[in-house]
Structure formats: structure tokens, C-alpha cells
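*Asks:*
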């Protein structure tokens, strides 16, 4: 409940009643968490984090992919200046 209160006070409110919050400009918060498909512990951890985010109204989906695909999205050519194509990632 405290997380929901903090989000509301910061202006992240479910304006359209679908259970997920929008930012101050009305844009939906819609995240994706990338995780290596070969690691069930990481997948389950990502799922638990996703469930917690969804419960407070932040839409989050988990995508489990092979390590080559995940790495190419997180670290394009291992050059951080090229930007990244993900919202959240799980490592241990």
C-alpha cells in the first residue's frame, strides 16, 4: 500500500481504470524485463518482480530469451553508447 501511495503522490495514477498507472502526461507505464531462458531461478525472480510491479499498477512483462538475444538487446556490440533496447534485466 505504501508503494501505491508514493506513486499516486508522484502523479502516477490509473486514469483509465484498467488497473495500470499512467504518467503525468497520460502515457502508460509499460515495461519489459529481459531474462536468460536457460536459468529458471532468474526467470522465477523476474516473474516475482513483475508480479509486484503489476500489483502496484506498473505494467511489466517478462521475456525469457536465449543469452545471445538478451545480450544483443542489453549490450549492442558491447558499446554502451549505442543505447539499449530493454527496460529491466535480471542478473545475479
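Residue numbers (this note's numbering): 31 to 122. Positions of the beta carbon are idealized from the N, C-alpha and C atoms, including for glycine. Owing to the predicted nature of the structure, the values given are computational and were not obtained by experimental measurement.
1) How big is the Cα-Cα spacing for residue 66 and residue 99?
2) For residue 97, I'd like the list of residues in its chain whose CB is within less than 6 Å of its CB, leaving aside the five on either flank, ordered along the chain.
3) Does the beta-carbon of residue 87 have 16 or more other beta-carbons within 10 angstroms, so that it is buried, or is it exposed?
4) Leaving out five residues before and five after residue 41 in sequence, what residues of the same chain have Cβ atoms less than 8 Å from its Cβ?
5) When the Cα of residue 79 is compared with those of 70, 36, 102, 91, which residue comes out closest?
6) Given this structure, state the Cα-to-Cα distance separating residue 84 from residue 48, to the nearest angstrom.
*Replies:* Checking against the coordinates, here is how it stands:
1) 9 Å
2) 66
3) buried
4) 53, 54
5) 91
6) 12 Å
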